[in-house]
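One structure below.
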Amino acid sequence: SKYGVAQTHHLHRARVMALCLAEDETLLYSVGKDSKLKVYSVAQRKQHRSAHLSELTLSSCVLAPGGGGSVAVGSWDNNVYMYSAKYGRVMDRVYAHDDAVSCLVSDGTRLLSGSWDSTVKVWAYRPSGLDKSAIAFYDLEDETQCLALPHMDPGDAAPSPNVCVAGSRDGSMSVLDLRAERVMRVLNSHNECLTSLHLARNGHFLLSSSLDGQVRLADLRKGELAHVDAPGGVLCLATDWDSVLVGCGDGVVRRSALSTGGGRLVLEPLGTDILPHEGPVTCLAVSKQGRYVFTGGDDERVHILKRDHKPAKPDEVSAE
């Protein structure tokens, strides 16, 4: 299937750093270098909330553990914020690290944060927010840039493997045992800073991207299965483990079929008529059935791409 641009939104005044989609897919959260959190109503095609959470860049956002319409936001001011879209206010703030918070992931019950202080921390979640002290702590060799927990499909009840992978600035990837609270091993597959990681449901297969311009597929038990060079480099990935979407440095989103049995990764444009971002694609989010793809860029814009959408002049919403 091909995609077309259904909507374009100029919600931020600087690079869009991260996107995440509400569980019911009615709201899209975005954070940027302008220190703003934006909450956009997908159905109503308008901005729902805007919050200035910090004086520094907001680096990351994920749905908060426990549901309830809250989002966890990481900031370069070393804090993690818990923001409620329902009430339009910050519900909690935790001074999480001694340097910038660079990435967040959640498995629905715990929140994990990575930082430029070269650590990964695990946080317990309460209805009122996060515990003020981390329940686990991992010390890595270099700045943490991205994290991955095993992929879980909507409605999955089975527990995920107790493993997390952390990507660092030096190109290394640390495999963390969340049960034993130790670093199991360190992989050195990339030559430059990691930009994105995705771990399969079984905890064995890993997709990674780096500023070295490569996307790599590896079996953590056996080694690398395939790799591909992305035009202009790559800053973000999204996958359902049937295919992978790659946000490239030339402003184009490309796609490749994905086989964990090996084979080749071949990148093709997601849609030939899609107007690319004016600069690198910096973040991606995908709806559950793959009907919509959301992209954020260095050009301050968010595109909403729709499968089998006939290209027309897209709507555009400006930042406020």
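In the numbering used here, the protein residues as written are 417 to 736. Don't be surprised by glycine CBs; every beta carbon is placed ideally from N, CA and C.
Can you list, in chain order, the residues of its chain with a C-beta nearer than 6 angstroms to that of residue 613? Leave out the 5 residues immediately preceding and following it. Hits under 6 angstroms: 562, 564, 581, 583 and 624.
Measuring CA to CA, which of 486, 512, 589 and 566 is closest to residue 618? Put simply, of 486, 512, 589 and 566 the residue whose alpha carbon is nearest the alpha carbon of residue 618 is 566.
Taking the alpha-carbon positions, what's the residue 428 to residue 723 distance? For residue 428 and residue 723, the distance between alpha carbons rounds to 25 angstroms.
Assign residue 721 to one of two classes, buried (16 or more other C-beta atoms within 10 Å of its C-beta) or exposed (fewer than that). With a threshold of 16 other beta carbon atoms within 10 Å, residue 721 meets it and is buried.
Which residue or residues does DSSP assign as beta-bridge partners of residue 623? Within the DSSP bridge table, the entry for residue 623 names 614 and 633 as partners.
Would you identify the three-state DSSP class for residue 486, choosing helix, strand or coil? Strand at residue 486.
Straight-line CA distance for residue 503 to residue 464? Inter-residue distance for residue 503 and residue 464 is about 11 angstroms (C-alpha atoms, whole angstroms).
Do residue 696 and residue 713 have their C-beta atoms closer together than 8 angstroms? Yes, the pair counts as a contact, with Cβ atoms nearer than the cut-off.
Could you check the C-alpha separation between residue 730 and residue 603 for me, to the nearest Å? Confidence at residue 730 is low in this model, with a pLDDT of 49, below 50, so the placement of that residue should be treated as unreliable; the coordinate-derived value is given next. Residue 730 and residue 603 have their C-alpha atoms roughly 43 angstroms apart.
Could you name the residues of the same chain whose beta carbon sits closer than 6 angstroms to that of residue 434, not counting the 5 residues immediately before and after it, in chain order? 447, 476, 477 and 699, listed in sequence order.
Applying the 10 Å Cβ sphere with the 16-neighbour rule, what's the burial state of residue 543? The residue is exposed, with fewer than 16 neighbouring Cβ atoms inside 10 Å.
From what residue to what residue does the beta strand (DSSP E) around residue 564 run? Counting along the chain, the beta strand (DSSP E) containing residue 564 begins and ends at 560-564.
From the DSSP secondary-structure annotation, give me the bridge partner or partners of residue 664. 650, per the DSSP bridge assignment.
Since residue 642 contacts residue 681 with CB under 8 angstroms, what's their CB separation in whole angstroms? Contact flag correct, Cβ pair sits at about 5 angstroms.
Measure from the alpha carbon of residue 491 to the alpha carbon of each residue in 627, 529 and 632, then state which is nearest. Checking every option, the nearest Cα to that of residue 491 belongs to 529.
Grouping DSSP H, G and I as helix and E and B as strand, with all else coil, what is residue 695? Reduced to three states, the DSSP call for residue 695 is coil.
Using CA atoms only, rank isn't needed, just tell me which of 660, 484 and 621 is closest to residue 709. Check the Cα spacing between residue 709 and each of 660, 484 and 621: the tightest is with 660.
With respect to the beta strand (DSSP E) encompassing residue 463, which residues constitute its N-terminal and C-terminal limits? Here the beta strand (DSSP E) through residue 463 covers 462-468.
Can you tell me whether residue 519 is helix, strand or coil according to DSSP? Three-state DSSP puts residue 519 in a strand.
By how many angstroms is the C-alpha of residue 527 removed from the C-alpha of residue 521? Their backbone Cα atoms lie some 6 angstroms apart in a straight line.
Just to confirm, are residue 452 and residue 467 a CB contact at a threshold of 8 angstroms? A distance below 8 angstroms separates the beta carbons of residue 452 and residue 467.
Considering just the uninterrupted stretch of the beta strand (DSSP E) at residue 581, what are its terminal residues? Here the beta strand (DSSP E) through residue 581 covers 579-584.
Could you check whether residue 507 and residue 534 sit closer than 8 angstroms to each other, using their CB atoms as the reference points? In this structure, residue 507 does not lie closer than 8 angstroms to residue 534 by Cβ.
What residue from 694, 422 and 556 has the CA that sits closest to residue 430's CA? Closest by alpha carbon: 694.
From residue 500 to residue 650, what distance separates their C-alpha atoms? Straight-line Cα distance between these residues: approximately 32 angstroms.
Beta carbon of residue 626, beta carbon of residue 609: below 8 angstroms? Yes, the pair counts as a contact, with Cβ atoms nearer than the cut-off.
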